[in-house]
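Chains C and R, in that order, are what the protein sequence lines are.
Note that the working numbering has the first sequence beginning at 109, numbered continuously upward.
Note that the working numbering has the second sequence beginning at 17, numbered continuously upward.
Don't be surprised by glycine CBs; every beta carbon is placed ideally from N, CA and C.
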Amino acid sequence: METPKVIVGLGSCGIAAGAAKVFDKIQALKKVENLDIELKKTSCIGMCYREPLVEIIDENGSYLYGDIDEERVIEVLDKHINQHNPVKEYIVKSDLVQTEDDTYNEDQVKIALRNCGYIDPEKIEEYEGRGGYRAIRMIAGQQMSRLDVIQSVLNSGLRGRGGGGFPTGLKWKFANNNKSDEKYIICNADEGDPGAFMDRSVLEGDPHAVLEGMIIGAYAIEATGGVIYCRAEYPLAIKRLNIAIEQARAKGYMGENILGIDGFNFDIYIKEGAGAFVCGEETALIASVEGQRGMPRKRPPFPASSGLWRKPTNINNVETLANIPWIIQHGAEDYRKYGTDKSRGTKVFALAGKIKRSGLVEVPMGMSIRDVIFKLGGGIKDNKEFKAVQMGGPSGGTIPAYLADTIVDYDSVNATGAIMGSGGMVVMDETTCMIDVAKFFLDFTQKESCGKCTFCRIGTKRMLEILTRITEGEGREGDIEKLEELSYQIKDNSLCGLGQTAPNPVLTTIKYFRDEYEAHIRDKKCPALVCKKLLTYEIDPEKCTGCTVCAKNCPTNCIEGERKEVHFIHQEECIKCGTCYSKCKFDAIKLS
Amino acid sequence: MRIARISKKQEVVQDAEVDLSLLDELIEKYKSKKGNLIPLLQGTQDIFGYIPRGAFEKISKETGLKLSEIYGVATFYAQFRLNPVGKYIVKVCHGTACHVQNANEVTEALEEALKVKDGETTEDGLFTLESVACLGCCSLAPVMMIGDETYGKLDGKQAVKIVKNIRIKENN
C-alpha cells in the first residue's frame with residue numbers, strides 16, 4: 109500500500125489564515141505518533157474562503173479538507189489516516205464525496221492555474237512532472253522557428269491578461285521585427301490593483317510556468333535579458349521566484365545555448381518594485397527598472413522599438429506568460445476551444461468583497477458574471493441583496509446587478525464602462541455606498557498620480573474634493589455635471605492609462621447609480637447608511653440599559669440620561685462622529 | 017499627488033546615532049551597475065528602518081548621483097520612509113475588498129487606541145501605524161499585518177486587542 113500524502117496549502121492567504129501552524133502541527137504529530145504519511149507543501153489551491161486547506165491523497169483518491177485548524181487537524185489525521193475513515197463534514201472537494209462546494213469547482217477550466225495547488229512550487233521536478241518545460245523542449249527538439257512560435261501564439265487568440273487585452277502574438281511580432289544586439293523581455297508582476305491577487309497566486313504557486321513563458325517569449329523575440337518586475341509587497345512570491353530561477357539555471361533552461369539551441373543565451377533577474385501603482389504602465393515600469401522615478405513618457409516610440417535602456421523591449425503580464433507553455437504544448441487550436449470569438453481561452457478572477465466564497469477561479473471567457481458570482485461564488489454573504497460588482501480596480505468600473513448577465517470577455521465588459529482589468533471582482537451588497545466606493549478609488553488614483561499631466565494631477569484632486577463634499581452632506585446642484593465634465597477632461601488630457609481611466613469608477617457609478625448621488629446631494633441621505641455625516645443617530649429605548657457609556661464618551665456631551673434610565677441624543681448638537689455607535693455594547697444606537 | 021509625500025513636515029532627526037559605515041558594503045555592491053538606485057535605497061532602509069539624511073549624502077558622494085535625483089526617487093515611491101519608525105509597523109490594508117468591509121473602522125480604532133494618526137509613530141517608539149494599498153489576502157478582509165504576521169477578519173475591537181497584547185508582552 110502506498111503511503112498517504114498529506115498536502116498543506118501554503119500560499120500567502122493560507123499562511124495568514126494559519127496554514128503554517130497546521131503544517132507544523134502535522135509535522136509534530138507525524139514524529140510523535142509515528143504516522144505513516146508523506147507530508148508535502150503546495151501553494152494557493154484557490155478555495156481561499158476555506159483556508160487553511162489540507163489535502164489527503166490515499167489509495168482511494170483525493171480528499172481536500174477545508175477550515176482546518178490545529179485542533180481539527182488532529183481529528184482529521186486520526187480518523188482518516190489511522191481509522192481509514194474520511195471526515196465528511198470537513199471535506200470541501202473530493203473525487204469520491206459530493207460536497208456543497210462542488211459548484212465552486214465544476215465549471216472551472218484551469219490553464220494558467222494548471223499546477224497551482226498541485227505542486228510544491230519550490231521543487232522544479234514537480235513542475236517537470238506535470239509537463240513543465242516540455243514546451244521549450246518541444247521548441248528545441250522540433251526546431252520550431254521563432255516565427256512558428258509567434259504564429260502559434262497569434263493563432264491561439266491570447267490577449268494581454270494584465271487588462272489591456274492587446275493580442276500577445278502581435279506584441280511579440282513587433283518586438284521580433286525590431287532588430288538589435290540587445291533585447292529585453294519583462295514580466296509585469298506589479299499587481300497594483302487593490303483587491304486583485306491572481307498574479308501573486310500564480311507566482312507563489314507555479315513560478316516555473318512564468319519562467320518558461322518568459323523563456324519561450326525570449327526565444328521568439330530574440331531577447332537577451334529578462335526582468336521580472338515584482339511588487340515588494342509580495343515577499344513570498346519573490347522568494348519562490350528566486351528559488352525557481354536558481355533551479356532553472358542549474359538545469360540549463362537558462363544560460364548559454366539553451367537546450368542546444370545555438371546562440372540562444374538568456375537569463376532572468378528580479379527587480380523589486382517600491383510601491384507605485386503607475387509602474388504597471390509600460391513606460392513607467394521601464395523607468396523604474398532603470399532606477400528612476402516611475403513616470404510614464406510619450407509613445408511612440410513604443411517599448412517594442414525603444415524600451416529598457418533604449419533597446420527593443422516586450423512586456424507581458426504574469427498570467428499571460430503562464431498561459432504560453434500550455435499553448436505551445438497543446439497547440440493553439442486547443443486553446444481556441446475555450447472562450448468567445450474575440451476573447452479566446454480562460455481568465456483568472458479574484459473573487460472578493462461581500463461574496464460567500466472568495467478566492468481564485470479560472471473560467472472560460474464567455475461565462476456570465478451572474479454565474480461567476482452566484483454559481484461559483486455561492487452568492488452574497490449573509491444572504492443580502494446583490495447590488496453591484498466592481499471590475500478592473502481603480503481603472504475599471506462598477507457593473508450593477510441588472511447587468512449581471514453580461515458575459516466576461518474584453519468587449520462585453522468594456523461596453524458596460526468597466527474594464528476586464530487584471531481580473532479583480534469585488535462584490536458589493538446593499539450596504540455598500542456607491543459614492544463612497546467612487547471616492548475610495550479617486551482617493552487611490554489621486555495619491556498614485558505621478559503628477560506629470562496637469563489634468564490627472566489636479567483634476568483627480570478636484571474630483572475627490574467634490575466626492576468628499578457629497579459624502580459629507582455638502583453636495584450642491586451641478587456637482588454631478590461638474591464631475592462628468594472633469595472626468596472627460598482628465599481622460600482626454602492624460603498621457604498614460606492611469607489618468608485615462610481614473611475617472612471610470614465615477615462615470616460608471618453616475619451612469620448606474622445616479623439616484624444615489626441625487627439622494628446624497630438633494631435629500632442629504634445615504635441610502636446604504638455608510639456616509640457617517642448623513643446619518644441620524646438615535647437611541648433605541650427597548651435596548652438601552654442606561655449604562656452611561658455613550659454619554660461619557662460623547663465629545664459634545666449631547667447625550668442625556670440618568671444611570672439605568674433610557675438615554676437621549678440631542679440631534680441639534682450631535683456632530684455625527686459615531687463614537688456612541690461604536691462604544692455601545694447593547695446595539696442600542698440606531699442609524700437612519 | 018505624489019508631491020504630497022514631500023510636503024509633509026519632516027521631523028528633525030539626530031543622525032548622530034546612525035552608523036553610516038554599515039552602508040559601505042551595499043554601496044560597493046551596487047555603485048558600478050547602472051539602474052541600481054532603487055535596490056540601493058531598499059537596502060539602506062533594510063539597515064536603518066528608514067533613509068537617514070546622512071545616508072542620502074553618503075550615497076550621493078560615493079556614487080556620483082545627484083542628491084536631488086536620489087531624493088526624487090526616494091519620495092516618489094511609497095515604500096521609502098524618511099523618518100524613523102517604531103519597532104512594530106502596523107499595516108492596515110485599505111484595498112477594495114477591505115474597504116467595503118470596513119477597514120476604516122480598524123484604522124480609526126487603532127488611531128484612538130495608539131493615540132497617533134495614520135503614518136505616525138507612538139511616543140514610546142513601539143508602533144507605527146500605516147495604511148497600505150493591498151496585502152493580497154482579500155479573502156480574509158479586513159486584514160492587517162504586523163511584522164510578518166497577518167491578522168484577518170478583523171474589526172476595530174479585535175485589532176486594538178492584538179496591539180495591546182503586543183504592548184503588554186513588550187513591557188514585561
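Cutoff 8 Å: residue i Cβ touching any chain C Cβ
{"i": "R/V116", "result": "yes"}
{"i": "R/S23", "result": "Because the pLDDT at R/S23 is just 48, under 50, the model does not fix this residue reliably, and the point stays unresolved."}
{"i": "R/Y93", "result": "yes"}
{"i": "R/S155", "result": "yes"}
{"i": "R/T174", "result": "It is worth fixing the name first, because residue 174 of chain R is Gln in this sequence and not Thr. No - not a single Cβ of chain C is within 8 Å of the one on R/Q174."}
{"i": "R/L145", "result": "no"}
{"i": "R/F64", "result": "no"}
{"i": "R/F72", "result": "no"}
{"i": "R/A129", "result": "no"}
{"i": "R/V89", "result": "yes"}
{"i": "R/L151", "result": "yes"}
{"i": "R/M17", "result": "Here R/M17 scores only 42 on pLDDT, less than 50, and its place in the model is too uncertain to base an answer on."}
Host beta strand (DSSP E) of residue i (start-end)
{"i": "C/D166", "result": "162–166"}
{"i": "C/F385", "result": "Premise fails: C/F385 is in no beta strand (DSSP E) and is neither H nor E."}
{"i": "C/N296", "result": "292–297"}
{"i": "C/N661", "result": "No beta strand (DSSP E) holds C/N661; the alpha helix (DSSP H) holding it covers 657–661."}
{"i": "C/I566", "result": "That residue, C/I566, is in no beta strand (DSSP E); it is neither H nor E in DSSP."}
{"i": "C/G169", "result": "169–173"}
{"i": "C/K347", "result": "Where C/K347 is concerned, there is no enclosing beta strand (DSSP E), although the alpha helix (DSSP H) it sits in stretches over 343–358."}
{"i": "R/Y161", "result": "Here residue 161 of chain R is Met; the residue named in the question, Tyr, does not match the sequence. Taken as a continuous stretch (DSSP letters only), the beta strand (DSSP E) holding R/M161 covers 160–162."}
Simplified DSSP state of residue i, which is helix, strand or coil
{"i": "C/I394", "result": "helix"}
{"i": "C/F494", "result": "strand"}
{"i": "C/K113", "result": "strand"}
{"i": "R/M17", "result": "Because R/M17 carries a pLDDT of 42, less than 50, the predicted location of this residue cannot be relied on, and no value is offered for it."}
{"i": "R/G59", "result": "helix"}
{"i": "C/P472", "result": "strand"}
{"i": "C/N522", "result": "helix"}
{"i": "C/N365", "result": "coil"}
{"i": "C/N373", "result": "coil"}
{"i": "C/K379", "result": "strand"}
{"i": "C/S120", "result": "helix"}
{"i": "C/L221", "result": "coil"}
{"i": "C/R238", "result": "coil"}
{"i": "R/N52", "result": "coil"}
{"i": "R/E136", "result": "coil"}
{"i": "R/N188", "result": "coil"}
{"i": "C/I515", "result": "strand"}
Residue i at chain R interface by Cβ criterion, 8 Å
{"i": "C/Y342", "result": "yes"}
{"i": "C/Q608", "result": "no"}
{"i": "C/T540", "result": "yes"}
{"i": "C/F694", "result": "no"}
{"i": "C/Y157", "result": "yes"}
{"i": "C/F548", "result": "yes"}
{"i": "C/S151", "result": "no"}
Bridge partners - residue i, DSSP secondary structure assignment
{"i": "C/M499", "result": "C/G505, C/M533"}
{"i": "C/R671", "result": "C/R671 pairs with nothing; no bridge assigned."}
{"i": "C/R452", "result": "C/G447"}
{"i": "R/D171", "result": "DSSP, once it has assigned bridges, lists no residue as partnering R/D171."}
{"i": "C/Y645", "result": "C/L699"}
{"i": "R/F109", "result": "Checking the displayed sequence, the identity of residue 109 of chain R turns out to be Cys instead of Phe. Bridge partners of R/C109: R/V148."}
{"i": "C/F676", "result": "C/E668"}
{"i": "C/N213", "result": "In DSSP, C/N213 forms no bridge with anything."}
Residue range of the alpha helix (DSSP H) that includes residue i
{"i": "R/V122", "result": "119–130"}
{"i": "C/V335", "result": "No alpha helix (DSSP H) holds C/V335; the beta strand (DSSP E) holding it covers 333–338."}
{"i": "R/G80", "result": "First-last for R/G80: undefined, no H or E at that position."}
{"i": "C/G277", "result": "276–285"}
{"i": "C/V140", "result": "127–140"}
{"i": "R/S147", "result": "Per DSSP, R/S147 belongs to no alpha helix (DSSP H); it is in the beta strand (DSSP E), 143–148."}
{"i": "C/I324", "result": "315–329"}
{"i": "C/K406", "result": "It is not in any alpha helix (DSSP H) - C/K406 carries neither H nor E in the DSSP assignment."}
Amino acids of chain A, ordered along the chain, whose beta-carbon sits closer than 8 Å to that of residue i
{"i": "R/I54", "result": "Absent here is chain A; the protein component of the structure consists of chains C and R."}
Residue i Cβ short of 7 Å to the ligand ATP heavy atom set
{"i": "C/A546", "result": "Questions concerning the ligand ATP fall outside what the structure shown contains, since it holds no ligand whatsoever."}
Of all the residues that make up the region 455–477 of chain C, which are near chain R by a beta-carbon distance shorter than 7 Å? A458, A460, G461, K462, S466, G467
Using a Cβ-Cβ cut-off of less than 8 Å, list which residues of the region 286–318 of chain C approach chain R; keep chain order. E299, G300, D301, P302, G303, A304, F305, R308
Determine which residues of the region 113–134 of chain C have a Cβ less than 8 Å from any Cβ of chain R, and write them out in chain order. S120, C121, I123, A124, A125
Name the residues in the region 524–537 of chain C whose C-beta lies less than 9 Å from a C-beta of chain R; which are they? G532, V534, V535, M536, D537
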